[in-house]
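Accompanying notes for the structure given below.
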Amino acid sequence: MTEELDALKKVEDVSECIKQLATSNDPTTLDAADKLLKKLEDGSEDLRTKTNRTVITKDSSNGNASANAAESAAFMREIERDAAERADRRERNRRRAAEWKDRGNAQFKLANYDQAVDCYTRGLAIAKDFELLYQNRANCYVKQGRFEEALADAEAAIFLTREKCAKPFFHQAKALTGLNRLSEAREAYSRMSSCSDAAPGHADRCLADLDRLSAARKAEARALEEFSSGGGNSVEMLIYRLARGDQPTAYYAAGMRCLAALLVGANERALFRAKSGFSLLNKQQVVVTTLAVPLESMTDAQLDLLTASLTLAAAVAKEDSENCHQLAQLSKPGQLAARAVDVVAFNGASPSASDARQAALDALSKIGQLACDRLCGCCAEPAGLVAALLRQTQRLAAQTALAAAHLFSQLAGCVRLRERLERAAPNALAGIAQAGESLVSAGASESLAAFCLAVEALRRLMAGCRPLRQAAAARRAFLTACCTALERYAPDKEEDCGGELQQSAAAEVAALLASASLEATPAVSGTAVRLGEMALRLASRPSVAPQLREFSLALLATLAPRSVELARQIGAGSWAPSLLGLSARVLASPDHPCAASVLRVLAAVLAAQPEARGQVGDDPQWLELLLELLHSRADCLLGNAALCLSHCIEDTAAAELLARTDIVRLLLCRMRDCREREAKANCAILCGKLAQAHHGHRERLGQLDGINILNSVITCNNIKL
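Set out below in structure tokens:
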């Protein structure tokens with residue numbers, strides 16, 4: 192009887208297992224089902240009745256055995272069918288989860304960690320055993336400083352990969368380091384090195400960095416204990432103790448960090464200045480000796496002291512203009528401000544160098560907020576600093592990239608910097624253009640916001656420094672890189688216009704191209720058609736962001752008047768409806784920010800393309816629209832509207848259609864009122880063409896003594912018709 196009960200219990204276990212499989216993706220449930228299936232396939236003795244208890248004939252017994260075999264076969268088929276369905280469902284779920292993983296990866300590259308975490312979490316709701324989702328979410332949590340959550344996800348990934356993959360151990364070690372559990376982090380790095388996919392030497396480098404961090408924290412703890420004893424935690428006492436020159440380098444690094452932590456208010460920063468705190472940065476023997484060492488020759492301890500000095504400088508400079516000015520004066524070779532500039536341009540790849548670079552950017556940014564002109568004086572080669580900042584914006588660390596972009600944005604508005612760049616050597620300006628080319632080619636590594644800020648700053652700098660703009664416009668590679676970047680960030684389809692930040696990146700690249708295209712160089716002419724068609728395509732999309740439309744039209748308005756080929760191309764065939772439709776929508780509101788650009792483009796197209804002239808000049812609605820623009824108080828709109836109409840007079844019925852209006856009188860009044868000579872000239876040309884093309888206009892010109900008015904305007908303004 193016991194054996195029958197055991198058999199029934201096992202049948203119940205099988206039924207319960209099937210229910211669990213239908214409702215869960217838990218890996219332990221999957222393992223249990225696989226083991227049970229293997230037992231059934233092997234004919235395990237545990238699932239058989241070991242004693243023949245039948246009391247009927249052998250033939251009947253054989254019949255029952257056949258029936259049991261048929262039932263067993265049917266049961267096996269059901270199990271196999273359920274396993275197949277389960278595998279198919281699991282595969283579908285993995286594919287759906289992988290889509291969320293890809294979305295999360297895209298957000299991670301843009302440094303949008305909250306959105307990335309949300310995507311990975313949505314994926315895990317679909318496939319709870321997807322190890323890459325745990326691994327990637329752990330990386331996001333580390334970036335956000337959420338180390339407890341990062342540790343939990345890293346351990347889940349380690350379990351799911353059966354401790355065979357290196358990356359989960361790496362994220363586990365990072366999380367443990369953030370929690371200050373350094374001995375456990377060391378063990379995680381050691382286990383990472385035993386994985387088959389671990390990069391050679393990576394674990395050793397991580398362990399070396401951990402040793403450096405551990406030593407620094409121990410030194411800081413010792414220094415903090417000493418500085419905290421006997422009233423030593425005051426600003427004045429810390430300055431006094433750090434002024435001694437008989438301590439190891441780590442002592443001063445730790446002490447400077449402690450001092451920086453105390454400078455939280457204006458009073459503390461003023462006290463630092465009053466108690467000769469700046470002597471720590473320009474006279475203290477150990478610090479001065481360390482600053483004199485070439486960056487490429489510095490040890491990790493020396494780089495750590497340099498980083499601590501820069502951290503102290505950033506704390507001193509915060510919202511204190513006098514301190515900023517004093518720091519900016521430390522600009523001689525080997526002094527702190529000049530050294531900070533050197534560090535920004537330094538290409539060292541070690542973690543110590545990265546920490547120093549971040550601290551230098553922070554310090555220079557604080558100084559630049561209140562003493563930008565003096566900061567520019569720290570640069571022996573300002574072009575080198577600008578190029579270095581553009582390169583740093585491409586770095587993988589989003590925090591470093593954003594700090595470099597912010598500092599560059601501050602410097603781009605500095606008049607002194609622009610003046611020095613105008614006197615810079617051509618090869619120095621070419622270096623900036625090359626760095627800008629590299630920036631737009633690489634795009635945003637992790638911080639799209641840093642990319643947008645840097646491109647916008649480069650555009651402003653080029654707008655205020657023509658030699659730099661000429662250097663960029665002369666490089667075909669620069670223009671091609673910008674064009675490729677515009678294609679990268681601009682929406683591919685009309686229904687997919689990209690995210691807000693992505694469209695901002697496209698808009699800044701378009702504005703940068705518009706600035707460079709102001710220079711008439713062979714490189715600009717050679718790329719005009721490609722750039723112009725792309726700009727028109729973007730501007731014509733109804734759902735595109737207003738800023739992207741505005742800058743795209745500004746680029747098109749710069750290129751079209753200079754490139755007859757481009758004007759003919761967009762004025763004919765499939766491009767013509769896009770251009771005319773966009774122009775009609777924009778010009779319907781004369782106050783539209785894109786109205787001036789659209790009119791410049793339209794005037795260039797009408798001058799180059801007869802087909803476009805016919806579509807405008809023979810259309811009463813178009814003529815009414817342009818006639819309304821002649822009333823505009825903006826001379827640029829008035830002049831270009833008159834130019835558009837004058838292009839249409841000879842080839843179309845425009846003169847006859849306009850004979851029903853008093854356009855001649857309007858033009859004579861506008862010639863008298865407007866200030867720009869080009870607008871006056873365009874009105875005079877249109878008035879003369881109307882008189883030649885139709886007798887009604889000629890008679891009206893005579894009635895208003897228009898000939899004398901025209902001659903007077905032409906003579907007084909030296910207009911050549």
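The sequence shown maps to residues 192 to 912 in our numbering.
The beta carbon of each residue, even a glycine, is placed where N, CA and C say it ideally should be.
Close beta carbons around Cys-643, own chain, < 6 Å, minus the five adjacent residues each side:
Closer than 6 Å at the Cβ level, and outside the excluded window around Cys-643, lie Ser-695, Ala-696, Glu-699.
Is there a Cβ from chain D that is less than 7 Å from the Cβ of Thr-584?
No chain D is present in this structure, which holds just one protein chain.
Counting only the same chain and skipping the five closest in sequence on each side, list residues whose C-beta sits under 7 Å from that of Ala-531.
Taking Ala-531 as the centre and dropping the five residues before and after it, the same chain places the C-beta of Leu-501, Ala-551, Ala-554, Leu-555 closer than 7 Å to its C-beta, in chain order.
Identify, in the order they occur along the chain, each residue of the same chain with its Cβ nearer than 6 Å to the Cβ of Arg-607, setting aside the five sequence neighbours on each side.
The residues are Asp-564, Cys-567.
Identify whether Arg-175 lies in helix, strand or coil by the three-state DSSP scheme.
Outside the shown range of the chain (192 to 912) lies residue 175, about which nothing can therefore be said.
If we call anything under 7 Å between Cβ atoms a contact, is Thr-440 one with Leu-496?
The answer is yes: Cβ separation under 7 Å.
Distance CB(Gly-336)-CB(Tyr-311) smaller than 7 Å
It is not a contact, given that the beta carbons lie outside the stated cut-off.
Can you tell me whether Val-455 is buried or exposed, with buried defined as 16 or more other CB within 10 angstroms of its CB?
Residue environment for Val-455: exposed (fewer than 16 other C-beta atoms within 10 angstroms of its C-beta).
Three-way DSSP call (helix, strand, coil) for Gly-622 in this model:
Residue state, collapsed to three classes: helix.
What would DSSP say about Ala-445, mapped onto helix, strand or coil?
In the structure shown, Ala-445 falls within a helical segment according to DSSP collapsed to helix, strand and coil.
Arg-614 in three-state terms, based on DSSP:
Per DSSP, reduced to three states, the secondary structure at Arg-614 is coil, with no helix or strand assignment.
Rounded Cβ spacing between Ala-714 and Ala-664 (contact assumed at less than 8 Å):
Right, the Cβ-Cβ distance comes to about 6 Å (below 8 Å), so this counts as a contact.
Count the other CB atoms, across all protein chains shown, that sit within 10 Å of the CB of Cys-907; report buried if there are 16 or more and exposed otherwise.
Exposed.
Nearest candidate by alpha-carbon position, reference Leu-709, set Leu-670, Ser-837, Tyr-304
Comparing Cα positions, the closest option is Leu-670.
Same chain only: Cβ atoms within 6 Å of Tyr-325, ignoring 5 sequence neighbours per side
Asp-344, Ala-347, Ala-348, listed in sequence order.
Candidates Gln-693, Ala-786, Tyr-304, Ala-799: which alpha carbon is nearest Glu-756's?
In terms of Cα proximity to Glu-756, the closest of Gln-693, Ala-786, Tyr-304, Ala-799 is Ala-799.
Stretch pair the region 848-860 + the region 878-898: three plus CB contacts closer than 8 Å:
In short, these stretches touch, since the Cβ pair count reaches three.
Starting from Cys-643, trace the alpha helix (DSSP H) both ways and give me its first and last residue.
Note, Cys-643: alpha helix (DSSP H), 639-655.
Residues in its own chain within less than 6 Å of Cys-874 by CB, not counting five upstream and five downstream?
Answer for Cys-874: Ala-833, Leu-858, Arg-861, Met-862, listed in chain order.
Whose C-beta lies closer than 7 Å to the C-beta of Gln-549 among residues of the same chain, with five residues either side of it excluded?
So the list reads Gln-590, Thr-591, Ala-594, once near-sequence residues are dropped.
Just mark Gln-760 as buried or exposed, buried being the case when its beta carbon has 16 or more other beta carbons within 10 Å.
By the Cβ neighbour-count rule, Gln-760 is buried, with 16 or more other Cβ atoms within 10 Å of its own.
Does the Cβ of Glu-647 have 16 or more other Cβ atoms within 10 Å, making it buried, or fewer, making it exposed?
The residue in question, Glu-647, is buried, as its Cβ has 16 or more Cβ neighbours within 10 Å.
Taking only the alpha-carbon atoms, compute the straight-line gap between Gln-306 and Trp-291 and give it to the nearest angstrom.
The alpha-carbon atoms of Gln-306 and Trp-291 are separated by roughly 11 Å.
Using 7 Å as the threshold, is the C-beta distance between Gly-559 and Leu-527 below it?
No, these two residues do not count as a Cβ contact at 7 Å.
Would you call the region 483-492 and the region 431-438 in contact, with 3 or more CB pairs under 8 Å?
Here the region 483-492 does not lie against the region 431-438, with fewer than 3 beta-carbon pairs under 8 Å apart.
Within 10 angstroms of its Cβ, does Ala-672 collect 16 or more other Cβ (buried), or is it exposed?
That one is buried.
Verify whether the separation of the beta carbon atoms of Ile-623 and Ala-578 is less than 7 Å.
The answer is yes: Cβ separation under 7 Å.
Val-455 by DSSP, collapsed to three states: which one?
Val-455 sits in coil when the DSSP states are folded into three classes, being neither helix nor strand.
Three-state secondary structure (DSSP) at Leu-677?
Correct three-state label for Leu-677: helix.
Roughly how many angstroms separate the alpha carbons of Arg-667 and Thr-718, rounded to a whole number?
Distance between the alpha carbons of Arg-667 and Thr-718 is about 8 Å.
Grab the span of the alpha helix (DSSP H) containing Leu-370 for me, first residue to last.
In the DSSP assignment, Leu-370 falls outside any alpha helix (DSSP H) and carries neither an H nor an E.
Whose CA, out of Asp-842, Gln-585, Glu-282, lies closest to the CA of Gln-883?
Of the candidates Asp-842, Gln-585, Glu-282, the one whose C-alpha sits nearest the C-alpha of Gln-883 is Asp-842.
CA-to-CA distance, Gln-583 to Ser-629, given in whole angstroms
Each residue's alpha carbon lies about 11 Å from the other.
Leaving out the 5 sequence neighbours to the left and right, which residues in its chain are closer than 7 Å to Asp-687 when beta-carbon positions are compared?
Note that Asp-687 scores 48 on pLDDT, short of 50, meaning its location in the model is unreliable; the coordinates nonetheless yield the value given after this. Residues of the same chain with a CB within less than 7 Å of the CB of Asp-687, apart from the 5 flanking positions on each side, do not exist.
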